[in-house]
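Mapping of the sequence shown onto numbering that gives the first Met the number 0: residues 0 to 818, in sequence order.
Cβ coordinates follow ideal geometry from the N, Cα and C atoms, glycine included.
All values derive from a computational prediction rather than experimental measurement.
Working notes for the structure below.
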Amino acid sequence: MATKNEGTNDKAAPLRNVRVANVGSGWASRVAAMLLAEQGADVIEIVRPGRAAHPCDPLLDRGKRLLEADLGNAATKAQLVALLADGDIVLENMRPGAAARLGVDHASVDRHGKLVYVSLPGFAEGDEHQQHAAWEGGINAAAGVYTDIPPLVPLIGGDPVYSAIPMASAYGGILGALTASLGLFHRQRCGRGQRFEVPLADAVMSAMALLIIRIEGQPHRYNFPPLDDTMMHTVFPMLRDLREHLTDQHIATITGYLKSRAMPGLNFYECADGRILFICAMDHVYQTRAFLQTVGVYDRVIAEGMIADNPYSESGAGNNIYNGGELSPQWRKRLLELVSASIRTRSGKEWETLLRQANVPATVVQTDAEWLAEPRLTEAGITADLDDPVVGPARMPGRFVSIESAALHTPPLRPRKKAEDIKWLNAPIAPAPSGEPVVVAGPAAGRTLAEHGADVIRIDPPAPQAGPRNTMWFGVEVNQGKRAVILDLKTESGREALACLVRKTDVVLHNFLDRSARSLGIAHEQLAAVNPDIISCQISAWGGSEGGAYKDDPAFDPVLQAASGIMARYGQPDKPALHGIASCVDYMTGYCATLGIAQALFARERGDGGSHVRTSLAMGAQLVQFPFMTRHAKSEQDIPSGQQARGDGCEQSLYKLLDGWAFVGCRPGDGYKLAEAIGAATVSLHAIGERLQALSLAQLRERLASVPGAGAIAVQTLAQLRDKHTVDETSAGSDTMPNGSFRLRRGAHPSGYPTTLPLATWIRPALSAVTALQPAPAPGTHTLEVLRAAGCTEAQIDDLVRNGVAQTGWKLLHRYLPY
Numbered sequence: 000m001a002t003k004n005e006g007t008n009d010k011a012a013p014l015r016n017v018r019v020a021n022v023g024s025g026w027a028s029r030v031a032a033m034l035l036a037e038q039g040a041d042v043i044e045i046v047r048p049g050r051a052a053h054p055c056d057p058l059l060d061r062g063k064r065l066l067e068a069d070l071g072n073a074a075t076k077a078q079l080v081a082l083l084a085d086g087d088i089v090l091e092n093m094r095p096g097a098a099a100r101l102g103v104d105h106a107s108v109d110r111h112g113k114l115v116y117v118s119l120p121g122f123a124e125g126d127e128h129q130q131h132a133a134w135e136g137g138i139n140a141a142a143g144v145y146t147d148i149p150p151l152v153p154l155i156g157g158d159p160v161y162s163a164i165p166m167a168s169a170y171g172g173i174l175g176a177l178t179a180s181l182g183l184f185h186r187q188r189c190g191r192g193q194r195f196e197v198p199l200a201d202a203v204m205s206a207m208a209l210l211i212i213r214i215e216g217q218p219h220r221y222n223f224p225p226l227d228d229t230m231m232h233t234v235f236p237m238l239r240d241l242r243e244h245l246t247d248q249h250i251a252t253i254t255g256y257l258k259s260r261a262m263p264g265l266n267f268y269e270c271a272d273g274r275i276l277f278i279c280a281m282d283h284v285y286q287t288r289a290f291l292q293t294v295g296v297y298d299r300v301i302a303e304g305m306i307a308d309n310p311y312s313e314s315g316a317g318n319n320i321y322n323g324g325e326l327s328p329q330w331r332k333r334l335l336e337l338v339s340a341s342i343r344t345r346s347g348k349e350w351e352t353l354l355r356q357a358n359v360p361a362t363v364v365q366t367d368a369e370w371l372a373e374p375r376l377t378e379a380g381i382t383a384d385l386d387d388p389v390v391g392p393a394r395m396p397g398r399f400v401s402i403e404s405a406a407l408h409t410p411p412l413r414p415r416k417k418a419e420d421i422k423w424l425n426a427p428i429a430p431a432p433s434g435e436p437v438v439v440a441g442p443a444a445g446r447t448l449a450e451h452g453a454d455v456i457r458i459d460p461p462a463p464q465a466g467p468r469n470t471m472w473f474g475v476e477v478n479q480g481k482r483a484v485i486l487d488l489k490t491e492s493g494r495e496a497l498a499c500l501v502r503k504t505d506v507v508l509h510n511f512l513d514r515s516a517r518s519l520g521i522a523h524e525q526l527a528a529v530n531p532d533i534i535s536c537q538i539s540a541w542g543g544s545e546g547g548a549y550k551d552d553p554a555f556d557p558v559l560q561a562a563s564g565i566m567a568r569y570g571q572p573d574k575p576a577l578h579g580i581a582s583c584v585d586y587m588t589g590y591c592a593t594l595g596i597a598q599a600l601f602a603r604e605r606g607d608g609g610s611h612v613r614t615s616l617a618m619g620a621q622l623v624q625f626p627f628m629t630r631h632a633k634s635e636q637d638i639p640s641g642q643q644a645r646g647d648g649c650e651q652s653l654y655k656l657l658d659g660w661a662f663v664g665c666r667p668g669d670g671y672k673l674a675e676a677i678g679a680a681t682v683s684l685h686a687i688g689e690r691l692q693a694l695s696l697a698q699l700r701e702r703l704a705s706v707p708g709a710g711a712i713a714v715q716t717l718a719q720l721r722d723k724h725t726v727d728e729t730s731a732g733s734d735t736m737p738n739g740s741f742r743l744r745r746g747a748h749p750s751g752y753p754t755t756l757p758l759a760t761w762i763r764p765a766l767s768a769v770t771a772l773q774p775a776p777a778p779g780t781h782t783l784e785v786l787r788a789a790g791c792t793e794a795q796i797d798d799l800v801r802n803g804v805a806q807t808g809w810k811l812l813h814r815y816l817p818y
């Protein structure tokens, strides 16, 4: 194996002796079980006889004991029910009613009130889609994946675009594991288990928040792509209405116009060797300048009349390099021309090296095969080699989350093996009640902690480097429920004030690279010196379990999309396509961090002390596309790709019906049944598609009633979902779980703009509460009250404020969302 484990044999696994059973056959519960096995849980996965093999099995099954069992056999079922009743966690990923019919539902197996039972249905209880077959593609279709992630469809409409990335299973899997870990921690404190529901459709929505939010009347600098309000709200809606009349030439003209509006710091460039370079250095006071200096155009454009004002400037002159969305057409064209010409003078890898050395987020666009073949990723533990008992040597992702301390260490990766009998390996763990945590956190994962009762404090620097799109606009979503403090951690007095906070804190979460964390006093060893029981969590861009050559390189979600094969698959290697904003990698990585924190809290609760949790965007990028992240003797597969993709063969595909588009799915090999049911001449995409154009969704569902396991779910846009599922914050029950999937709340906001945001419906506990979050406050809103609560005297606080170490607002920020 590629990962190093010297000196860790005497350390305990964070989830040692935790008993986990997965009775679901879907990908989501298999992902969740894999993530629990990764931290040392004893995981038994029930495998139905004859389960079809998939190339990703060595990844999903690693660390587990596989038990082939026929639940139709009475004696086997009795043994299995007894096994589940003595477990700690049960994961269930079946069709509605199936678990109860088989006798493995929560009511049947939770005999002692101690079981953490996580159900992962396609849609929430009471949803209109609940009784329809919830294939991966159908869930994604119902959650806006095929209409709002494609670059062009949200602007000009048109046919939906299929994505091979299993958003429902990937996000359902990580949230299933997180839910199980939170439930285990809750049980360890109060002594009670409970049932949770994690609907996969809502899990998808947890990643789509930045696409579905609506800020009414927001300044047009936040439009994406960067269009003025007339184009965004008048011209393009007209084009959507006329979509069926637009020719290929019209679409090409529109595409060319949008490319001319691209932000130079967030763009694709062709290199001398024909490779495509992706840059993500937008509106950042250091990275934008370093990018333009490295490619040799900074001095020239400044001499020609551009300026390097701060990103929060509202001058409106259109020549500020730190406000890429507001550049005038002339300056945008000039900058794109100069940068493009410069980048065409070197190879892609040369530019990648030069830009990363300058701390500019950049990468050559790669395929997943190139990613998995990179030896430095294996050296870093981002990828790993494992000897699988079925397929032999296999390359796959390394540990998605690493947890380390003097007492703990995430164990080495282990290959799957058959369960010899139906019993657990170890004695059960003993829950014990305790108090409640208070958490200090940094980036997006903190929102999830806040949803589950944590007191989350966000600490910002006195002068932001990133522009308002990243800090304020994104923050409308990810900074909900957090108190906001401004503190200069580059000063001695600022670090002393932080130490006061840390002494009363359970968790510190940050996304700084090692060198920056140490300079700010938030490296794990520095925090542990203040509070030995602290749990610190670091989210890096490129870090693996062993660090690695790239661990100090900066990056954002789109950079890892480009590097890991996502963009090349969603488009083509020479025409890559962005797979959404933050909905692909960012949220996945945030949930990985929260998962590690929950597992570390559980370990500390049973006496293992504080620990250091690490994950990275590189790991999140692999988890979201897990079906394609293995290479071995039997890993070859045909993966749908490109912006013309409609599905994975005629049995799982998007089809145009008489009354709109729908995703139609049936069991493997049942294509002939589907064709017979609808009267198609042959079992082919063309024949089935042609016949379906004459049927409405209701008519199709009537025909599919004769085909077991077949289903059709209408394609929905995020705008449709927002209109259908939004309630006003003044309405009774607006902050409670809905009967069915999805809920959004519209209400007042500190920005001054009415805002619509999704409610956290993706984790639904039977007993414990999910907190409805307060709107994201402006930076520094709570500085003084937090310092007082930390034990600082009024004289100390006055001194911090007088010296600019502590502030109640950013001097550059004249309004919540700058114009």
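- Task: Whole angstroms is fine: what's the gap from E495's alpha carbon to A406's?
- Result: Locating residue 495 in the sequence shown gives position 496, counting from the first residue. Locating residue 406 in the sequence shown gives position 407, counting from the first residue. C-alpha separation (whole angstroms): 28 Å.
- Query: In terms of DSSP beta bridges, what is F195 paired with?
  - Reply: Locating residue 195 in the sequence shown gives position 196, where the first residue counts as 1. In DSSP, F195 forms a bridge with V117, P764.
- Rounded C-alpha distance that separates E689 from A679: Locating residue 689 in the sequence shown gives position 690, counting from the first residue. Locating residue 679 in the sequence shown gives position 680, counting from the first residue. Their Cα atoms are separated by approximately 8 Å.
- Task: Measuring alpha carbon to alpha carbon, tell me which of D459, P153, A51, G264 ends up nearest F277.
- Result: Indexing the sequence shown from 1 puts residue 277 at position 278. Checking every option, the nearest Cα to that of F277 belongs to G264.
- Query: What is the residue span of the alpha helix (DSSP H) that H249 lies within?
  - Reply: Locating residue 249 in the sequence shown gives position 250, counting from the first residue. Segment 247-259, the alpha helix (DSSP H) holding H249.
- Message: Relative to the C-alpha of C279, which candidate in P310, G273, V359, L119 has its C-alpha closest?
- Response: Start at 1 with the first residue of the sequence shown, and residue 279 comes out as number 280. The candidate whose alpha carbon is nearest that of C279 is V359.
- Task: Spell out a yes or no on whether the region 86-93 and the region 108-121 are touching, meaning 3 or more CB-CB pairs, one atom from each, closer than 8 Å.
- Result: yes
- Query: Cα-Cα, which of D454, A540, A142 is closest to D621?
  - Reply: One-based indexing of the sequence shown puts residue 621 at position 622. The question names Asp, but residue 621 in the sequence shown is Gln. Ranking the options by Cα distance to Q621, first place goes to A540.
- Pull up the distance between the alpha-carbon of Q773 and that of R745, whole angstroms please. Within the sequence shown, numbered from 1, the residue matching residue 773 stands at position 774. Within the sequence shown, numbered from 1, the residue matching residue 745 stands at position 746. Distance between the alpha carbons of Q773 and R745 is about 12 Å.
- If you check the beta carbons only, do S582 and M207 fall under 7 Å apart? The residue given as residue 582 occupies position 583 in the sequence shown. The residue given as residue 207 occupies position 208 in the sequence shown. Their beta carbons are under 7 Å apart, which means S582 touches M207 by this criterion.
- Burial state of N21 (16 or more Cβ within 10 Å): Translated into the one-based positions of the sequence shown, residue 21 becomes position 22. Buried is the call here.
- Message: If contact is defined by three or more beta carbon pairs under 8 Å, each pair taking one atom from either stretch, is the region 218-232 in contact with the region 603-612?
- Response: no
- Item | Option in Q525, P57, R47 with minimal Cα separation from K76 | As a working note, residue 76 is residue 77 in the sequence shown. The shortest C-alpha separation from K76 is found at R47.
- Query: What is the DSSP secondary structure of W660, reduced to helix, strand or coil?
  - Reply: Counting from one through the sequence shown, the residue named residue 660 turns up at place 661. If DSSP states are grouped into helix, strand and coil, W660 belongs with the strands.
- Per DSSP, F277 is paired with what? Counting from one through the sequence shown, the residue named residue 277 turns up at place 278. F277 is bridged to F267, T362.
- For the beta strand (DSSP E) holding A713, just list the boundary residues, first then last. For this step, residue 713 is matched to residue 714 along the sequence shown. 710-713 is the extent of the beta strand (DSSP E) around A713.
- Query: What is the DSSP secondary structure of C536, reduced to helix, strand or coil?
  - Reply: As a first step, residue 536 must be located in the sequence shown, where it is residue number 537. It is a strand residue.
- DSSP-derived helix/strand/coil call for P392: Along the sequence shown, read from residue 1 onward, the residue named residue 392 stands at position 393. In this structure, P392 counts as strand in the three-state DSSP scheme.
- Task: Return the first residue and the last residue of the alpha helix (DSSP H) that R517 is part of.
- Result: Taking the first residue of the sequence shown as 1, we reach residue 517 at position 518. Looking at the DSSP string, the run of the alpha helix (DSSP H) that includes R517 is 513-519.
- Inter-residue spacing [alpha-carbon to alpha-carbon] between K348 and E793: Walking along the sequence shown from the start, residue 348 turns up at place 349. Walking along the sequence shown from the start, residue 793 turns up at place 794. Near 55 Å, if we compare the C-alpha coordinates of E793 and K348.
- Task: With a cut-off of 8 Å on the beta carbons, I'd call A379 and A548 a contact; round off their distance for me.
- Result: By one-based count along the sequence shown, residue 379 stands at place 380. By one-based count along the sequence shown, residue 548 stands at place 549. Going by Cβ atoms, the distance from A379 to A548 rounds to 7 Å, so yes, they are a contact pair.
- Which whole-angstrom value describes the C-beta separation of S341 and R274, a residue pair presumed to lie in contact below a C-beta threshold of 8 Å? Translated into the one-based positions of the sequence shown, residue 341 becomes position 342. Translated into the one-based positions of the sequence shown, residue 274 becomes position 275. Their Cβ separation, rounded to whole angstroms, is 15 Å, which puts S341 and R274 out of contact at 8 Å.
- H523 versus R514, N530, S535, residue with shortest Cα-Cα distance: Counted from its first residue, the sequence shown places residue 523 at position 524. That would be S535, whose Cα lies nearest to the Cα of H523.
- Message: Tell me whether the region 779-786 and the region 754-764 touch, counting them as touching only if at least three CB pairs, one residue from each stretch, are closer than 8 Å.
- Response: no
- Short Cβ contact (7 Å threshold) for N16 with I677: Here residue 16 refers to the residue found at position 17 when the sequence shown is read from its first residue. Here residue 677 refers to the residue found at position 678 when the sequence shown is read from its first residue. Result no, Cβ atoms of N16 and I677 do not sit closer than 7 Å.
- Query: For S401, which option in M395, A393, P411, P392 has the closest C-alpha, if you only look at C-alpha atoms?
  - Reply: Looking up residue 401 in the sequence shown gives position 402. Among M395, A393, P411, P392, the Cα nearest to that of S401 is on P411.
- Item | Cutoff 7 Å; reference V682; Cβ partners in own chain excluding five residues on either side | As a first step, residue 682 must be located in the sequence shown, where it is residue number 683. So the list reads C649, G670, Y671, A674, once near-sequence residues are dropped.
- Task: Using 10 angstroms around the beta-carbon of R502, count the other beta-carbons present and answer buried if the total reaches 16, otherwise exposed.
- Result: For the purposes of this step, residue 502 is identified with residue 503 of the sequence shown, where counting begins at 1. The residue is exposed, with fewer than 16 neighbouring Cβ atoms inside 10 Å.
- Message: Within 8 Å, do at least three Cβ pairs link the region 25-35 to the region 51-62?
- Response: yes
- Query: Taking the C-alpha atoms as reference points, what is the distance between N222 and W330?
  - Reply: Here residue 222 corresponds to residue number 223 of the sequence shown, with the count starting at 1. Here residue 330 corresponds to residue number 331 of the sequence shown, with the count starting at 1. If you take the alpha carbons of N222 and W330, they lie about 19 Å apart.
- Query: If you count every other CB in all the chains shown that lies within 10 Å of the CB of D420, and 16 or more means buried, which is it?
  - Reply: Taking the sequence shown and counting its residues from 1, one reaches residue 420 at position 421. With fewer than 16 other Cβ atoms within 10 Å, it is exposed.
- Query: Pick from P817, W472, I533, I306: whose alpha carbon is nearest that of T822?
  - Reply: Outside the shown range of the chain, which is 0 to 818, sits residue 822, and nothing can be said about it.
- Task: Leaving aside the five residues before and after E435 along the sequence, list all residues of the same chain whose C-beta is less than 6 Å from its C-beta, in chain order.
- Result: In the sequence shown, residue 435 corresponds to position 436, counting from 1. Model confidence at E435 stands at a pLDDT of 39, short of 50, so the residue's coordinates are unreliable; what they give is reported in the following sentence. The answer is none, since no qualifying residue turns up.
- Query: Near R186, which residues of its chain fall below 7 Å by C-beta distance, leaving aside the five closest residues on each side in sequence?
  - Reply: The sequence position of residue 186 within the sequence shown is 187, counting from 1. Same-chain partners within the cutoff: K113, V115, G192, P430.
- Message: Going by the DSSP bridge assignment, what does D384 pair with across the sheet?
- Response: By one-based count along the sequence shown, residue 384 stands at place 385. Beta-bridge pairing links D384 to R394.
- Query: Tell me the DSSP bridge mates of T782?
  - Reply: Within the sequence shown, the letter at position 783 stands for residue 782. Paired residue(s): none; T782 is not in a bridge.
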